[in-house]
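K.L.:
Pasting in a structure now, in structure tokens, and then I'll have a few things to ask.
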Amino acid sequence: DSSRLKALYDFSWDGYLSSKPDSAIYFGNKMLDFAIKKGVKKYQVKALNLIANAYYNLGNFNKSIVFFNKGIQITKKTGDKKGLATGYNNIGFSYRELGDYFKAINYYTQALKISEEIGFREGAAFAFWNISVVYLDQKNYEKASDYNHQSLVIQKEIGNLFGQANCLVSLGVIQKNSNNPQKAIQYYEQSMEISKKIGDDQGYARALVDMGLSYLELKDTKRALEILEKALLINKNIGDKKGIATTLSS
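Right, here's the structure in full:
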């Protein structure tokens, strides 16, 4: 039963979550029914999270919260603290998208507390970064920088290169928004170096877009356009529609 559920989960998550969220919801519900029938709680939670993430990708954040919450209720009963921290981080995303920053920080803080209690370093790093992004949204650059640095320290300790690249891009954005475009470019360069090393084209292109915007602030239009064109080319090559739209709007 578990192997069948795992196959269905992998198939839905890898094949449909990003490209066809509606199909991910369909398969997620099939998986949920089967997991309930067989009494496999672990895959009930996975199915609920799959459905929640699909609704998130469709921009239906209220619906995603409903399904994340259902998953959290089961996780509380099973005593899976790691899963609970992940669930709280996930639900924080949806509240942030709805602009409910108070609730987002509340859930991220719960995720941080649990992660620190059980020594779940990855979960703590993720929560620190998530809190930092909310403060960035609120233009509280001092707090955003503080939480981001705390995340970066842990990402370095656990050797999470993807997480380090993410933190460095965010630190660049904080510097750019604090009118330090030169400092921002340094962070973007560090992030791109890591993204190149791990083959993360999407992250590399995102840092390029932000770097291009920093060069615009420095009134170096020629360099900015060169960089933005490079980002556009990468996004087209990897088929990142959101990335293409962001680059074109820049």
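Each residue of the sequence shown is one higher than the one before, counting from -16 in the numbering used here.
For each residue, glycine too, the CB sits at the ideal point set by N, CA and C.
Would you mind sorting Ala(-10) into buried or exposed? The rule is 16 or more other CB atoms within 10 Å of its CB.
P.N.:
Its Cβ having fewer than 16 others within 10 Å, Ala(-10) is exposed.
K.L.:
Label Asp193 either buried or exposed according to how many other C-beta atoms from any shown protein chain fall within 10 Å of its C-beta, with 16 as the threshold for buried.
P.N.:
Flag for Asp193 reads buried.
K.L.:
So, for Ser178: in the same chain, excluding its five sequence neighbours on each side, which residues have a beta-carbon less than 7 Å away from its beta-carbon?
P.N.:
Ala148, Gly186, Tyr187 and Ala190.
K.L.:
If I measure Cβ to Cβ from Gly70 and keep anything under 7 Å in the same chain, skipping five residues before and after, which residues do I get?
P.N.:
Excluding sequence neighbours, Gly70 sits near Phe51, Gly54, Ile55 and Thr58.
K.L.:
Considering just the uninterrupted stretch of the alpha helix (DSSP H) at Gln133, what are its terminal residues?
P.N.:
Gln133 -> alpha helix (DSSP H) spans Tyr124 to Ile141.
K.L.:
Nearest by alpha-carbon distance to Gly42: which of Phe76, Gln133, Gly11 and Tyr124 is it?
P.N.:
Considering only alpha carbons, the answer is Phe76.
K.L.:
Quick one: residues in its chain with C-beta nearer than 7 Å to the C-beta of Ala127, no 5 flanking neighbours on either side, listed in chain order?
P.N.:
Cβ neighbours of Ala127 beyond the five flanking positions: Ser115, Tyr118, Leu119 and Ile157.
K.L.:
Specify, as a first and last residue, the run of the alpha helix (DSSP H) that Val28 falls within.
P.N.:
Segment Lys24 to Asn40, the alpha helix (DSSP H) holding Val28.
K.L.:
May I ask you to verify whether the segment 8 to 17 touches the segment -16 to -2, counting CB pairs closer than 8 Å and requiring at least 3?
P.N.:
The segment 8 to 17, when compared against the segment -16 to -2, does touch it at the 8 Å Cβ threshold.
K.L.:
Glu100 to Gly106, Cα distance in whole Å?
P.N.:
Glu100 and Gly106: Cα-Cα distance of roughly 11 Å.
K.L.:
Check whether the Cβ atoms of Tyr87 and Asn72 sit closer than 8 Å, and answer yes or no.
P.N.:
Just to set this straight, residue 87 is Ala in the shown sequence, not Tyr. In this structure, Asn72 does not lie closer than 8 Å to Ala87 by Cβ.
K.L.:
Under 8 Å, do Val23 and Asp(-16) count as touching if we go by C-beta distance?
P.N.:
Taking 8 Å as the Cβ cut-off, Val23 and Asp(-16) qualify as a contacting pair.
K.L.:
With a threshold of 8 Å on Cβ separation, who are the neighbours of Thr92 within its own chain once the five nearest residues in sequence on each side are excluded?
P.N.:
Answer for Thr92: Ala110 and Ile114, listed in chain order.
K.L.:
Where does the unbroken alpha helix (DSSP H) through Gln121 begin, and where does it stop?
P.N.:
Looking at the DSSP string, Gln121 is not in any alpha helix (DSSP H), and its letter there is neither H nor E.
K.L.:
From Val28 to Glu80, what does the alpha carbon distance come to, in whole angstroms?
P.N.:
Cα to Cα, Val28 sits roughly 22 Å from Glu80.
K.L.:
Look at the alpha carbon of Gly82 and the alpha carbon of Pro164, and state the distance between them as a whole number of angstroms.
P.N.:
Between Gly82 and Pro164, the C-alpha separation is close to 27 Å.
K.L.:
Which residue's Cα is closest to the Cα of Asn40: Arg206, Tyr(-1), Leu208 and Asp129?
P.N.:
The residue with the shortest Cα to Cα distance from Asn40 is Tyr(-1).
K.L.:
Taking Lys159 and Leu196 to be in contact with their CB atoms under 8 Å, please state how far apart those CB atoms are, rounded to whole angstroms.
P.N.:
Rounded, the Cβ-Cβ distance is 7 Å, consistent with contact.
K.L.:
What separation, rounded to the nearest whole angstrom, lies between the Cα atoms of Lys21 and Asn123?
P.N.:
Going by the C-alpha atoms only, they are around 48 Å apart.
K.L.:
Do the CB positions of Ala37 and Ala7 come within less than 8 Å of each other?
P.N.:
In this structure, Ala7 lies closer than 8 Å to Ala37 by Cβ.
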